[in-house]
Amino acid sequence: MTSINQAMILAAGLGTRMAPLTSDKPKPLVEVQGRALIDHVIDRMVRGGVNFIVVNVHYKAEMMKAHLAKRTDVSIQICDETDKILDTGGAIANALPLFRGAPFFTQNSDSFWVEGMGRALTRMQERWDPEKMDALLLLAPCTKSIGYEGRGDFELDAGGRLQRRAEMNLAPFVWTGLQIVHPRLFDGAPSGRFSINPLWDKAIENDRLFGIRLDGMWIHVGTP
4 MTSINQAMIL
14 AAGLGTRMAP
24 LTSDKPKPLV
34 EVQGRALIDH
44 VIDRMVRGGV
54 NFIVVNVHYK
64 AEMMKAHLAK
74 RTDVSIQICD
84 ETDKILDTGG
94 AIANALPLFR
104 GAPFFTQNSD
114 SFWVEGMGRA
124 LTRMQERWDP
134 EKMDALLLLA
144 PCTKSIGYEG
154 RGDFELDAGG
164 RLQRRAEMNL
174 APFVWTGLQI
184 VHPRLFDGAP
194 SGRFSINPLW
204 DKAIENDRLF
214 GIRLDGMWIH
224 VGTP
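Per the numbering used here, the very first residue in the sequence shown carries number 4; after that it's consecutive.
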């Protein structure tokens, strides 16, 4: 099993869909089961063996920094996007030097699920093959996800390779917000603000975007 002990949590969103809960706090600090969303994410990362986490911040950045400073169980590096939000791809690209060329997890700060028999981070590390993968995404079946009403994101073949949902069609799997990324996914990427989606599309063209099914129940935390 490949051991991956570093991660990035994407926490720079504005949280507009969660209003009014985000009127006085950033979305990652909204509580679920008595704990901030981002603490659930960090807890899961630590249990999975992660000891270094990069967190990008934007909305109410100082509040985020103060909250994260209380975490003494893991090393946390802040990427401050107060002046300019970079979107998913740009934020990760901006943090790449901190990962020193090695693969790492990325997770959305509002990703929330109930584990089944196997821990997701451990299963992903067991499945990860850097020789043939540029990214490995954790996927949830749309039919077994709570609060999700979309059309799905991906098709998953028997070998674990991913294909996009065809326009106007339904796809059986939705991305949970967690992935393992190899830095080469960002080879040739633009600078500044950009989405990670075009990089995934390039990986699909090269048969290097893979997925693994969540053993558990994914909960879409989009609105109050």
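All C-beta atoms in this analysis are idealised placements derived from N, C-alpha and C, irrespective of residue type, glycine included.
Remember, predicted model here, so these are calculated numbers, not experimental data.
Could you spell out the range, first to last residue, of the beta strand (DSSP E) harbouring residue i?
i, result
"L181", "176–184"
"I81", "78–83"
"Q166", "165–167"
"G214", "212–216"
"G219", "219–222"
"S125", "A small fix is needed here, since residue 125 is Thr in this sequence, not Ser. That residue, T125, is in no beta strand (DSSP E); its alpha helix (DSSP H) goes 123–130."
"L159", "157–159"
"E118", "115–118"
Here's the rule I'm using: 16 or more other beta-carbon atoms within 10 Å means buried, otherwise exposed. How should residue i be labelled?
i, result
"S78", "exposed"
"K30", "buried"
"V117", "exposed"
"Q128", "buried"
"E65", "exposed"
"V35", "exposed"
"D113", "buried"
"R63", "Reading the sequence as shown, one finds Lys at residue 63 and not Arg. That one is buried."
Within a Cβ cutoff of 8 Å, which residues of the same chain sit near residue i, ignoring the five residues on either side of it in sequence?
i, result
"Q182", "F108, T109, Q110, A138, L139, L140, L141"
"F189", "G92, I95, A96, L99, L202"
"H185", "P106, P133, M136, D137, A138"
Note the first and the last residue of the continuous alpha helix (DSSP H) segment covering residue i.
i, result
"I3", "No statement about residue 3 is possible, as the shown extent of the chain runs from 4 to 227 and does not include it."
"E65", "64–71"
Beta-carbon within less than 7 Å of residue i's beta-carbon, same chain only, minus the 5 sequence neighbours each way: which residues are those?
i, result
"M220", "W116, V117, K147, I149"
"K68", "V60, I81"
"R74", "I45"
"A206", "D137, A138, L188, L212"
According to DSSP, is residue i helix, strand or coil?
i, result
"L139", "strand"
"P100", "helix"
"N172", "coil"
"T5", "coil"
"E208", "helix"
"N59", "strand"
"L89", "coil"
"I199", "coil"
By Cβ distance below 6 Å, which residues in the same chain neighbour residue i in space, the five residues on each side in sequence not counted?
i, result
"G119", "D218, G219"
Using 8 Å as the Cβ pair cut-off and three pairs as the minimum, do the stretch 30–49 and the stretch 131–150 touch? Too few Cβ pairs lie closer than 8 Å, so no.
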